[in-house]
Structures are given as C-alpha cells and as structure tokens.
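A short write-up of the structure that comes next.
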Amino acid sequence: MDWYAFPFFLEVTIGGLLSGVMYAMAAIGFVLICKTSGVLNFAQGAMVLFAAPTFVSPVKHGFPFPLAIAATLIVMTVLGFVIDRTALRPLANRSPMVLFMAASGLSYVIEGLAQPIWGTQVHRLALGISNTSFEIGGIFIPTFDLVAAAMFAVLTIFFRFTRTGPGFRAVADDQFAGLAVGLRLDRTWATVWTAAGFVALAAGLLWGARLGAQFSLSLIVLKALPVLVLGGFGSILAGLPVGTPKKLAEPYLGGAQEIHPS
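With numbering that gives the first Met the number 0 applied, the sequence shown corresponds to residues 0 to 261, in that order.
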C-alpha cells in the first residue's frame, strides 16, 4: 500500500466503524426485546420512525431543545409501555411465531398512525451538531459521528453497569431463576419496552438528523440485522465493523457499479 494513502485508508476505516455505531444503535432495541422475551421485535424500526417526527413537531412549535427531547421521551416511553400492556403481554407464553407476527403487525400499526399525523414528506431534523470535523494526526473525524459514538457508549454503559442491566440479563438467562431471586417479570418486561422506546428515540434522532425524519427510517432495521448476525444477540460491539466494508467500497470500488450494475 502507498504509505501516502495510508492516512486516507485509516480515515475511511474509522469512518466505517463509526458508521457501524449508527446501525448498532438501531440493533440495541432488537437485543433488549429478544433477549428478555424471545421476540424478534420488528416494530423497533417503526418506533425509530415514530420518534423522529415526534421530536420535530415540538421543535417546529417553538419548544426549546431540552423540552422537545423530554416530550419525545415521554411519548416513546408511553408507546413502549402501551405496546407491552396491550399487544404482547396478553400473548405471553404463546409460540414464538405468534409473537413474531404480533410484532410485525405492530410495525404496520405504528406506521399507519404516523402517516396521517405527519404525512409522507421528509421533515428536517436539526440537532445543532456542527458539520465540522476533528483532525487527529492528519485524520479527519466528523463531529456528528463522535456524538453518535458517545451516545452509543452511554447506552452501553447504562445497560451493562447499572442495576437495570443485570435485571434484564437475569431474565434473559433464566426467567425462573429471576423469579426465584425476587425479580418481577411483568415489571421487568415493562421496563424493557420502555427502554426500547428510549433507544428508538436515540436512534431516531441520529438517523433523522442524517437522513431527515421520513418513512424510510423504518427500514433501518434491515441494515441493523447484519450487526446482530456478526455480533450475535449478546455482543453488539462485535458487529460494529459492519459499516467498514461499505465505507471502504465507496472510494476504492466506486466505479464497480458502472461496470457491473447488478
């Protein structure tokens, strides 16, 4: 490799890892629900979609940024709690296929609710994050990607090192053992869905700021699935490199699409 081009290669690689953080943010919601209840929650993408325009609405009406965040967090918490109480709690102990179909149906319901409220147009979502880049040893790293990585780190630390995380993992490993040590499954599941709403808010804000608040945000779940395949449902960090091949292909294989359109 040309050593003069190595800094560029390293910059693209780091950009790919940081891009993987964005997909990992969407994947956390999958892991929370799947590990504790066994449901592959395809409604998580719709929750991400719902969170982005929910934040945009109070901002357009002049709400300060902190109040808009708080209002959106309340809405997403209520949404997660309602999903748990009305849709999945009555289906407890049913077959995984029944739960999967319920989660898939929920995604259509949430998207159906969002369309008449906000329409199908793209809404601009601004978080006030600078478009500048930090230069470290000749390598430029976008500020937005650093903020995304910081948010992902905060969520990871919260779920791993606070009292909430061990409770989730105990229920995921053995529900009967969790009951034996005094964990209330109903309260834990409600907390999990509430946390899924919070994660959807974080992912919705980041992806909405990058792509705009639009219906295609619900398709992020499809790109998050490779993160789960590579990292497994127990280690999201191992799936971070999923964005690296895409980033490397853009500058080095950019003309391949013209030669081989398929």
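Positions of the beta carbon are idealized from the N, C-alpha and C atoms, including for glycine.
Asked: For residue 128, three-class secondary structure by DSSP; Found: coil
Asked: Inter-stretch contact (C-beta, 8 Å, three-pair minimum) for the stretch 38 to 46 and the stretch 18 to 28; Found: yes
Asked: Helix, strand or coil at residue 42 according to DSSP, with G and I counted as helix; Found: coil
Asked: Cβ-heavy atom distance, residue 77 to the ligand GTP, below 7 Å; Found: Annotation note on the ligand GTP: not contained in the displayed structure, which lists no ligands.
Asked: Residues bridged to residue 212 [DSSP beta-bridge criterion]; Found: 122
Asked: Boundaries (first-last residue) of the beta strand (DSSP E) holding residue 62; Found: Segment: none, residue 62 is in no beta strand (DSSP E) and carries neither H nor E.
Asked: Nearest-angstrom Cα separation, counted from residue 192 out to residue 33; Found: 11 Å
Asked: Closest residue to residue 105 among 13, 83 and 115 (Cα-Cα distance); Found: 83
Asked: C-alpha gap between residue 130 and residue 148, whole angstroms; Found: 15 Å
Asked: Alpha-carbon to alpha-carbon, residue 79 and residue 88; Found: 12 Å
Asked: For residue 143 and residue 126, the rounded distance between their alpha carbons; Found: 10 Å
Asked: Residue 212 versus residue 204 - alpha carbon distance; Found: 8 Å
Asked: Pair within 8 Å by beta-carbon distance, residue 13 and residue 140; Found: yes
Asked: Those residues which DSSP pairs with residue 141 across a bridge; Found: 132
Asked: CB-CB length for residue 150 against residue 223, believed under 8 Å; Found: Their Cβ separation, rounded to whole angstroms, is 15 Å, which puts residue 150 and residue 223 out of contact at 8 Å.
Asked: Close Cβ partners of residue 52 (< 7 Å) along its chain, the five nearest in sequence each way excluded; Found: 113, 117, 122 and 212
Asked: CA nearest to the CA of residue 59, picked from 90, 17, 124 and 109; Found: 124
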